[in-house]
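Residue numbers for the sequence shown follow the numbering used here, so the first one is 62 and each next one is one higher. I have placed the structure first, in the form of structure tokens, so that the comments after it can refer back to it.
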Amino acid sequence: MAASAASSFQITIARPSVLSTKRISSFCSTKFGGETPKLSCNRLASSCHVSSIQHFWRSFTSTTQKLQKVVTKAKSESDDSKPASVLPIDLRGKRAFIAGIADDNGYGWAIAKSLAAAGAEILVGTWVPALNIFETSLRRGKFDESRVLPDGSLMEITKVYPLDAVFDSLEDVPEDIKTNKRYAGSSKWTVSEVAESVKEDFGSIDILVHSLANGPEVTKHLLETSRKGYLAAISASSYSYVSLLKHFLPIMNPGGSSISLTYIASERIIPGYGGGMSSAKAALESDTRVLAFEAGRKQKVRVNTISAGPLRSRAAKAIGFIDMMIDYSIANAPLQKELSADEVGNTAAFLASPLASAITGAVIYVDNGLNAMGVGVDSPIFKDLNIPKSTE
């Protein structure tokens, strides 16, 4: 198995330097650590008999000031040294429980990877009927290509727990589910039991992620949705988050973070996204604000939700029109590109980090800006409108 996850994501300010001075300036900063560059290079001149070091330093600083260009990029560091110009997303020593991962191409997986790349330990809760397939695929290396982290190592999942977030305790489980062959061989998979198992195994967690949703009648219009289907969507997609936080909050360390995933259908009409799912997402966003207040006051835990754009995941394909939604987003969003799962994962890593220590109760949009649009500019009615176009 490959080495452990990269220790941190870092936002780096890169300053181009003169090629002929690059090696000696690098030596100065490495050799003399916390000393000022000028003092360090003066000592270098003394020890190496470089008589023209003052001229070099004036030339070097003048040139770099002229060429200076600020560039931000994400990278991983495998050691503990951090240059002064680095703002790290560092989750080393933190433990995350991510509910709702059953394959390697959804937002939950991407969030797990970003948290792992920032140094967090990863625990996963997988829907019971999908557990055997997921664990088998993981064990046989089918996910190895998508487990690769920025430093080249593979994401490690410390433990996978069976989970059905629709049920709070064993007393809530109907007999037909208890005897269902897809649940055979698994135990302690209700929310309260999983929280207790995590407590017994690890004591505490720092990050809780809710990455699951289900609406059995999602393809039906709201006017055609049954009461049972509507309540099932609410139960699986929004109350499940309330239940998770309720049972995990006692084992979350103060200063921790909890994150869920929502969708713009909570506040805008998305035809075809039915069965009460739009209602469930609206409830989830409302609950995010209330839970932020309660969890913040009780345990100093922050609660946020990410409103992610359309992704061509296996779960999303069940809706039946995900390709159309992706095409629509590319045509109409301010940023005309397909959304990457990693972009959502990196946002989650930021929200889970100390860099977001004052952000709670928020809906964070990661959708290329589609949420800001009031109309679809690809409509023929706007064909004569002077709409900004890419210069590429």
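Glycine included, each C-beta is placed from N, C-alpha and C at the ideal position.
- For L284, the secondary structure class from DSSP, reduced to helix, strand or coil, is helix.
- Secondary structure at S318: strand, using DSSP grouped into helix, strand and coil.
- Residue environment: G246 is assigned as exposed (fewer than 16 neighbouring CB atoms within 10 Å of its CB, all protein chains considered).
- Beyond the five residues adjoining it in sequence on each side, L345 comes within less than 8 Å, by CB distance, of S298, S299, Y302, S321, T323, S327, T366 in the same chain, given in chain order.
- Residue state for I162 is assigned as coil, using DSSP reduced to three classes.
- For A173, there is no enclosing beta strand (DSSP E); the enclosing alpha helix (DSSP H) has its first and last residue at 168–178.
- DSSP lists S319 as the beta-bridge partner residues of V364.
- Remark: fewer than three beta-carbon pairs, one from each stretch, lie closer than 8 Å, so the stretch 339–354 and the stretch 389–396 are not flagged as touching.
- For K450, no alpha helix (DSSP H) run applies, since DSSP gives it neither H nor E.
- Counting only the Cα atoms, L283 lies some 34 Å from A256.
- Comparing alpha carbon positions, the residue from P415, S296, Y426 closest to R153 is P415.
- Taking C-alpha positions only, E182 is separated from E355 by approximately 26 Å.
- If you compare the alpha carbons of W170, L400, V227, V147 with that of E206, the shortest gap goes to W170.
- In this chain, the alpha helix (DSSP H) harbouring T197 covers 189–200.
- Under the three-state reduction of DSSP output, I425 falls in the strand class.
- Judged by DSSP secondary structure, Y222 falls within the beta strand (DSSP E) whose first and last residues are 220–224.
- A direct Cα-to-Cα measurement between D233 and I383 gives close to 34 Å.
- According to the DSSP assignment, D233 belongs to no alpha helix (DSSP H), since it is labelled neither H nor E.
- The count of Cβ pairs closer than 8 Å, one atom from the stretch 195–204 and one from the stretch 421–433, stays below three, leaving the stretches out of contact.
- Of all alpha-carbon atoms in E236, L400, G336, D445, the one lying nearest the alpha-carbon of G276 is that of G336.
- A residue is called buried when at least 16 other Cβ atoms come within 10 angstroms of its Cβ; R329 does not meet this threshold and is exposed.
- With distances taken between CA atoms, D439 lies nearest to M386 out of T421, M386, A410.
- Each of N193, G180, K260, S368 was checked against the Cα of K242, and the nearest Cα belongs to N193.
- Around the CB of S230, fewer than 16 other CB atoms lie within 10 Å, so the residue is classed as exposed.
- The Cβ neighbour count for E404, taken over all protein chains shown within 10 Å, is at least 16; the residue is labelled buried.
- Using a Cβ distance threshold of 9 Å, G186 and I218 do not count as a contacting pair.
- A distance below 6 Å between beta-carbons, with the five flanking residues on each side excluded, links F309 to the following residues of its chain, in chain order: A256, L269.
- Here A294 is buried. Its C-beta has 16 or more other C-beta atoms within 10 Å.
- Of the candidates A392, E254, I172, A392 places its Cα closest to the Cα of F443.
- Non-local C-beta neighbours of K220 in its own chain, meaning closer than 6 Å and more than five positions away in sequence, comprise L184, ordered along the chain.
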